[in-house]
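Colleague: In this note's numbering, the protein residues as written are 896 to 1345.
Right, I'll just put the structure down here and ask away after.
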Amino acid sequence: MQKSIINQLILRVQEAFDKLNLAVPISVSESLALFVYKCMIGKHRTFHTPEHVLKVCNGLQHPIQILATLFHDVVYFQVDDGFGPETSVLLEAYVVRENQTVKIKSDFPQDEVLRLCLDVFDYQPGDEVRTQGFNEFLSTLVGIHLLPYLSQRNLLGIMVGIEGTIPFRGRDEAGKNCFERMEYRLGLLNDKYQLGIKPTHIDLMLQLAVEIANKDVENFSEANVAEFLDNTWRLLPETNNHLALANVYTVRSYRQALQKIEAFMNFVPADYVFQQYRQTPDELRYQQMKAQAQENIDTACEYLQAKLASIAILEALAQVSGGDAPMSMFIGDLRHNHALQAIERAEDYLPAVALSDEFEYNPAVLKLLEFGRASILDFDMQNAPISYFVYASLGKAHTMGYLQLARQMFEGQIKEEDYLAALPTAIRSALSRACAQVSVSRKEALKVFF
């Protein structure tokens, strides 16, 4: 039987200490594990949770990898609305918060390990903490503060391991990736601090770090795109807190959340997802990971665009019938939140739709819309029957075309009435009729669009 999450964390901490031949009592492992657990159960965390670090740890054998992984997400400033109660007092010794920015104290401690941490992340006392790597740097400060049992060399390994998890970094003008740049920096720090670390040990440190980094984003190489989207969907409530209220968030707020994740997917080049250092991973595996990441990103983008195209119609109908309103008022409550009741949904009133030989479809997108992502989440439907209806009715090209028109509506460049008028009558009529069946207070206003 599987042990509880907290007990799994305790065992991983103790495993790391044992492998380092450190005589650390189990009570210390318990204390550290509880600290990590409490840091990662904030009310807005839905992806960066204790389960996530255990999943990343799975398969990692080196003790430095285990400890770096356990601490790499203890700070998540944006999601936790600042520093959590576990980390705030600790971090006050090193940084100062000024509104939404955080600066390293000018009188930063002279402790050599802490100064080494600044150098690993390329900081000086008094610097503002950069957006990229913000949480990783602060998580590292927390980790090394709580691990005085480790040697300076092992603490350096943890610093490098957590720094390596800063995601989506490309090559510099010289063609160096982030781990090759770190190799150069470590060479300088080896001399500066007279660490006496051999080049072979620096190589090992970086190979261990790149394994952590790739494990942290391994869902991008998931062969099943439904599983990949599952993880993507778990991120939505972390950056869109209103989605936690499943039957309260509005049509527009849901659309805005989808737009954020679509923009993110469009921004991420597949070449930036996974990293490689000295044949770790080997070239064949590295190319396979990149190819799968590209396929998943492409499919996710088209899936999100199909969802946006349909939500745009619902948003327009909401606006012209009385203004933005809860999604559940327009299309019904989520059925999986009412397992013992028959819940009315707008899709119950949509006509059957057949795929047309005249249109091109993405089979993967059709499958995702019809059958859904890999698992049920509290804030959203697993499948997308309304989006399936729109995508199946219009085909890929027309769906994307109407989405471009919808983007103009989102920006206020065209009115909702004009957008609705531009839609095929059958689509507009079917959705307005379906929503009118569900939304008792908007029924009369929606009749205009039947």
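All C-beta atoms, glycine included, are put in the ideal place defined by N, C-alpha and C.
Since the structure is predicted, the reported quantities are computational estimates derived from the model, not experimental observations.
Using the beta-carbon count (16 or more within 10 Å), is F1266 buried or exposed?
Modeller: exposed
Colleague: Would you kindly report the start and end of the unbroken beta strand (DSSP E) that includes E1351?
Modeller: The structure shown does not extend to residue 1351, since the chain is modelled only from 896 through 1345, so no value can be given for it.
Colleague: So, at 6 Å on beta carbons, what are the nonlocal neighbours of P1020 in its own chain, with the 5 sequence-adjacent residues on each side left out?
Modeller: I999, S1001, F1003
Colleague: Given a threshold of 16 other Cβ atoms within 10 Å of its Cβ, counted over all protein chains shown, does L1235 qualify as buried or as exposed?
Modeller: Reliability of the predicted coordinates at L1235 is poor, the pLDDT of 46 falling under 50, and no value is obtained from them.
Colleague: Just curious, the alpha helix (DSSP H) that V931 is in, first and last residue?
Modeller: Segment 921 to 934, the alpha helix (DSSP H) holding V931.
Colleague: Do R1080 and C1073 have their CB atoms nearer than 7 Å?
Modeller: no
Colleague: In terms of DSSP beta bridges, what is L1272 paired with?
Modeller: D1275
Colleague: Return helix, strand or coil for V997, following the three-state DSSP convention.
Modeller: Correct three-state label for V997: strand.
Colleague: Where does Y1044 fall in DSSP's three states?
Modeller: DSSP, read as helix, strand or coil, puts Y1044 in coil.
Colleague: Threshold first: 4 residues or longer. Then list the alpha helix (DSSP H) segments lying entirely within the stretch 1079 to 1122, N to C.
Modeller: If we require 4 residues or more, the alpha helix (DSSP H) runs fully inside the stretch 1079 to 1122 come out as 1094 to 1111.
Colleague: Around the Cβ of S1223, are there at least 16 other Cβ atoms within 10 angstroms (buried) or fewer (exposed)?
Modeller: Buried, since its Cβ has 16 or more Cβ neighbours within 10 Å.
Colleague: Going by C-alpha to C-alpha distance, which of H947, Q973, R1010, Y971 sits closest to Y989?
Modeller: R1010
Colleague: Are the CB atoms of D1219 and T1145 nearer to each other than 7 Å?
Modeller: Cβ atoms of D1219 and T1145: closer than 7 Å.
Colleague: Exposed or buried, what is S1216 when buried is set at 16 or more other beta-carbons lying within 10 Å of its beta-carbon?
Modeller: buried
Colleague: Look at the Cβ atom of A1269, then the Cβ atom of Q1170, and state whether they are nearer than 7 Å.
Modeller: no
Colleague: Using a Cβ-Cβ cut-off of 6 Å (strictly less than) and excluding sequence neighbours within five positions of V951, which residues of its own chain qualify?
Modeller: The residues T964, K1110, D1111, in chain order, have a CB closer than 6 Å to that of V951 in the same chain once the five nearest residues on each side in sequence are set aside.
Colleague: At what residues does the alpha helix (DSSP H) containing T1320 begin and finish?
Modeller: 1320 to 1333
Colleague: Leaving aside the five residues before and after I1208 along the sequence, list all residues of the same chain whose C-beta is less than 6 Å from its C-beta, in chain order.
Modeller: L1326.
Colleague: Where does P1176 fall in DSSP's three states?
Modeller: coil
Colleague: Given a cut-off of 7 Å, decide if V1015 and E1058 are closer than it, judged by their beta-carbon atoms.
Modeller: yes
Colleague: Between the beta-carbon of V1260 and the beta-carbon of A1201, is there less than 7 Å?
Modeller: A contact, by the Cβ cut-off of 7 Å.
Colleague: With DSSP collapsed to three states, give me the class of P1020.
Modeller: coil
Colleague: State the DSSP-derived secondary structure class of T1145, mapped to helix, strand or coil.
Modeller: strand
Colleague: Can you tell me whether P1164 is helix, strand or coil according to DSSP?
Modeller: coil
Colleague: Any chance the stretch 1235 to 1248 sits against the stretch 1331 to 1342, with 3 or more Cβ pairs inside 8 Å?
Modeller: yes
Colleague: Determine the DSSP secondary structure at P1004, reduced to helix, strand or coil.
Modeller: In the structure shown, the three-state DSSP call for P1004 is coil.
Colleague: Check whether the stretch 1123 to 1140 touches the stretch 1152 to 1164, counting contact only when three or more Cβ pairs, one atom from each stretch, lie closer than 8 Å.
Modeller: yes
Colleague: Check whether chain C comes within 7 Å of L1272, counting only Cβ atoms and requiring the distance to be less than that.
Modeller: No chain C appears in the structure shown, which is made up of a single protein chain.
Colleague: Can you tell me whether E1078 is buried or exposed? The criterion is at least 16 other CB atoms within 10 Å of its CB, across all chains shown.
Modeller: When all chains shown are included, E1078 counts as buried.
Colleague: Can you give me the C-alpha to C-alpha distance between Q1183 and P1176, rounded to a whole angstrom?
Modeller: Distance between the alpha carbons of Q1183 and P1176: 10 Å.
Colleague: Quick one: measure Cβ to Cβ for L1041 and L927, integer angstroms, because I've assumed they're closer than 8 Å.
Modeller: 6 Å
Colleague: Based on DSSP bridge pairs, tell me the residues matched to P980.
Modeller: Bridge partners of P980: none, in fact.
Colleague: Using only CA atoms, which one of P1319, E1075, R1066, K1155 lies nearest to D1166?
Modeller: If you compare the alpha carbons of P1319, E1075, R1066, K1155 with that of D1166, the shortest gap goes to R1066.
Colleague: Could you give the residue range of the alpha helix (DSSP H) that holds Y1314?
Modeller: 1311 to 1317
Colleague: Rounded to whole angstroms, what's the CA-CA distance from D1243 to G1227? Just pull it up for me.
Modeller: 10 Å
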